[in-house]
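Structure, as structure tokens:
In the numbering used here, the protein residues as written are 1 to 820.
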């Protein structure tokens, strides 16, 4: 009897299982790289549009791995019959591995690198995502992420705010490779699908509390109430707080803390058997300190260079007076008024920063999903509105001196509408998925900064529109052979208004004879003009392009339009009931945009072009050993053209099209049940990534450069062992670990932002009381206290500093959960 055909014991069941013995040698024999599997479908009452949250009981007699239902092709399918590389984790799996946010999910998927930071950012709500080498490190609103994050079918347009909490989640799916046909906007690298739990017809009430390192204090509550036979409501609220793990030496404060409230209310109504409506509202409020950023190096520039005006030079030689040495001399390290290496601490968990310690984030959203079944055709409408505000500070010098500080104030909202049509034709010979999509996004980013030689405001306003139509059909040629062609047309228009981009203070004013307003203010008047003017103090401000006289970019709106077709094609063949072979081709693209960080002034707003990925993949999906082993293999080659990377050019990091790259990779993942009380699984990824050509404007990058955030090897394992289940309760042990080989955290491969290969491990023990309602869990994360660089920023010439964000240290926790 197959695992997915059995149902789970009901709550309070008197059926008990004893511990199963196994010799040490038997366990070692099964000791491949392992990690706990997702659970398979067991109940038809669970919504068929998402990965199921349950799998057959691993402790019943004759246990075997069950089926996993995923929605990687916008319809419910068995994972083993879906010709796409997918990692699927259920809510139970997330809980067993103590995964608290979406970044931690990436540890358990091959060739996936998710980090809860953004380079050059003090935000504690950002996500940097790379899948199979494709991603984006920039977070500004004129650039898009390279990996699409979807919550209940709704695309999250910005990387700030994409660090989702894993509260009351039913499943997470990570789709690897370009998803340019079915998943609309900017899924060039892959897609992360997060599905929250829906209301059910059973009353539920549960509370959970946790404590741990750094004065951790978390509380969470979930309630599900059936209102009528056709309507139910579900609500979840959580509050998480803990102290920061970085100490501020000057004021005694902390950085890297957590202080977050999140909530969601969902109403599900089924007025008829063929019609359903789901209305959800969610909110996330964070009042946190700045992310923990460590100063690694300060590069004092003793001599003035007009082509690379060092911020450190201007502070030490001009703004601090003569106390920091004359021109040509290094500043004395003993003088606390100077920016020197004295402010680099020997402890990565300490900082001399005196910048404002703040990272605020506010998000609320509404989502309405309507589904209407008409015979073999299903029509779904997904309407969503989301509004988010964030305000955070970033200290680029890590010293008590106000030399290099940046403030980000982002206010952005989006509306999206999608209509999906799914159905089967000719007695399931053809399965069709099609739809139309629209996204409207408007917002503003204000980025005041103090950079030694000048203060200025970066940022601007954006107004973006994205339209798309798509269709894909799976055609069953024979009982075992299927082909699936697909196509998507996307048209995106982006508008950027840089009118607020201007110099506010020019510290060179009065320093150079003949330039009473300062060199950079004068340069701006000369450059930002409809009539070219020779560089001189006599330049007159252009009243249209440069109304303030200090514009860094022309004060006019600029627009870019992208129109692209992105096809896909796959063929799959069922060798037998337990083995599927497939081959596929897919294309993805991410539209271009505008460079927001510009200094000195430029006469035309810089634009970067769209980037493209074409991927060829072949794979096997198998059940082996009488369904005790699930093994999925994939091999791929991807051509990546017009790669968008962040390079240091002038004062600010700029997005440029770096050239072309190629990725070759292998992946293996699966699950195994060596004995009926133990489940383990594994994930291994190999990625050979390299540039094939490099554009002239990719400053600091050459053919030998390694792509940022792209490790050659990734691996993971997890173990779930039910060591006791008897009259006294149930004891379950969990262990997990992950590995990444070496990477650079920036495109220029600065050696200070080189992260050697590392492994991290976690473990926990859960004990459920005999009433089957109260559960106690104790555990440790990062057992070996491994500290690694998650992201960073380096500009040793113009800025003169290198900053890195390190992972948290080892932490212990204790949780209690009670279901009423």
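Virtual Cβ for every residue (Gly too), placed ideally from N, Cα, C.
Close beta carbons around residue 437, own chain, < 6 Å, minus the five adjacent residues each side: Short of 6 Å from the beta carbon of residue 437, and not among the five residues preceding or following it, lie these beta carbons of its own chain, in chain order: 184, 418 and 468.
Those residues which DSSP pairs with residue 616 across a bridge: Partner residues in the beta bridge of residue 616, as assigned by DSSP, are 585 and 637.
Whole-angstrom distance between residue 361 and residue 756, CA atom to CA atom: In a straight line, the C-alpha of residue 756 is about 32 Å away from that of residue 361.
Unbroken beta strand (DSSP E) run spanning residue 79, endpoints: From DSSP, residue 79 is part of no beta strand (DSSP E); its letter is neither H nor E.
Residue 199, buried or exposed, once every other Cβ within 10 Å from all chains shown has been counted against 16: Result: buried.
Rounded C-alpha distance that separates residue 686 from residue 104: Residue 686 and residue 104 have their C-alpha atoms roughly 19 Å apart.
Proximity winner among 168, 515 and 520, relative to residue 502 (alpha-carbon distances): It is 520.
Where residue 800 falls, given that 16 or more other Cβ within 10 Å makes a residue buried: Residue 800 is buried by the Cβ-count criterion.
Selection from 226, 391, 121 and 194 that minimises the alpha carbon distance to residue 153: Looking at the Cα atoms, 194 is the closest of the given residues.
Alpha-carbon spacing of residue 790 relative to residue 292, whole angstroms: CA-CA distance, residue 790 to residue 292, rounds to 11 Å.
Per DSSP, cross-strand counterpart(s) of residue 596: Answer is none; residue 596 lacks a bridge partner.
Segment limits, alpha helix (DSSP H) that includes residue 314: Membership of residue 314 in the alpha helix (DSSP H) is indicated by the continuous run 311-314.
Test item: CB-CB of residue 213 and residue 812 under 8 Å: For residue 213 and residue 812, yes; Cβs fall inside 8 Å.
Exposed unless 16 or more other CB atoms sit within 10 angstroms - verdict on residue 355: When all chains shown are included, residue 355 counts as buried.
Validate contact between the segment 468-482 and the segment 426-433 using beta carbons, cut 8 Å, 3 pairs: Between the segment 468-482 and the segment 426-433 there are three or more inter-stretch CB-CB distances shorter than 8 Å, so the stretches are counted as touching.
Assumed close pair residue 148, residue 186 - CB separation to whole angstroms, cut-off 8 Å: Yes, they are in contact, since the Cβ atoms of residue 148 and residue 186 sit about 6 Å apart, within 8 Å.
Residue 329 and residue 363 closer than 8 Å at C-beta: At least 8 Å separates the beta-carbon of residue 329 from that of residue 363.
Touch test, the segment 91-109 against the segment 649-662, Cβ-Cβ under 8 Å, three pairs minimum: Contact between the segment 91-109 and the segment 649-662 is absent, because fewer than three Cβ pairs lie under 8 Å.
Runs of alpha helix (DSSP H) lying entirely within the segment 147-186, each at least 4 residues, in chain order: If only complete runs of 4 or more residues are kept, the segment 147-186 shows no alpha helix (DSSP H) anywhere.
Where residue 522 falls: helix, strand or coil (DSSP): It is helical.
Bridge-paired residues (DSSP) for residue 387: Paired residues: 364 and 413.
Residue 563 burial status per 10 Å Cβ neighbour count (16 or more: buried): Looking at its Cβ environment, which holds fewer than 16 other Cβ atoms inside 10 Å, residue 563 is exposed.
Given residue 465 as reference, the closest of 303, 490 and 449 once Cα atoms are compared: Comparing Cα positions, the closest option is 490.
Residue 826 - DSSP class collapsed to helix/strand/coil: Because the chain in this structure spans residues 1 to 820, residue 826 falls outside the shown range and cannot be described.
Which listed residue (683, 659 and 666) has its alpha carbon closest to that of residue 692: The shortest C-alpha to C-alpha distance from residue 692 to any of 683, 659 and 666 is the one to 659.
Collapsed DSSP secondary structure at residue 644 in the structure displayed: Three-state result, residue 644: strand.
Nearest to residue 570 (by Cα), restricted to the options 748, 416 and 482: From the listed residues 748, 416 and 482, the smallest Cα separation to residue 570 is found for 482.
Contiguous beta strand (DSSP E) assignments of at least 3 residues, all confined to the segment 728-795: Here the runs fully enclosed are 729-740, 758-768, 774-781 and 789-795.
Residues bridged to residue 343 (per DSSP): For residue 343, which the question treats as bridged, DSSP gives no partner whatsoever.
When 643, 432, 517 and 806 are compared against residue 377, the one with the closest alpha-carbon: Among 643, 432, 517 and 806, the Cα nearest to that of residue 377 is on 432.
CB contact flag (residue 265, residue 281, <8 Å): In this structure, residue 265 sits near residue 281, with a CB-CB distance shorter than 8 Å.
Cβ pair count under 8 Å reaching 3, the segment 216-231 against the segment 241-261: Per the Cβ contact rule, the segment 216-231 is in contact with the segment 241-261 (3 or more Cβ pairs under 8 Å).
Classification of residue 804 by the beta-carbon crowding that lies within 10 angstroms, buried from 16 upward: Residue 804 is buried by the Cβ-count criterion.
Residue 816 vs residue 208 beta-carbon contact at 8 Å: Cβ distance < 8 Å, so residue 816 and residue 208 count as in contact.
Through-space distance from residue 67 to residue 42, alpha-carbon basis: Reliability fails at residue 42, whose pLDDT of 31 lies under 50, so the model's placement of it is uncertain and the value that follows must be treated cautiously. Computed Cα separation, rounded: 9 Å.
Cβ neighbours of residue 821 in the same chain (closer than 8 Å, five flanking residues each side left out): Summary: the structure shown does not reach residue 821, with the chain confined to residues 1 through 820, and so no result is reported for it.
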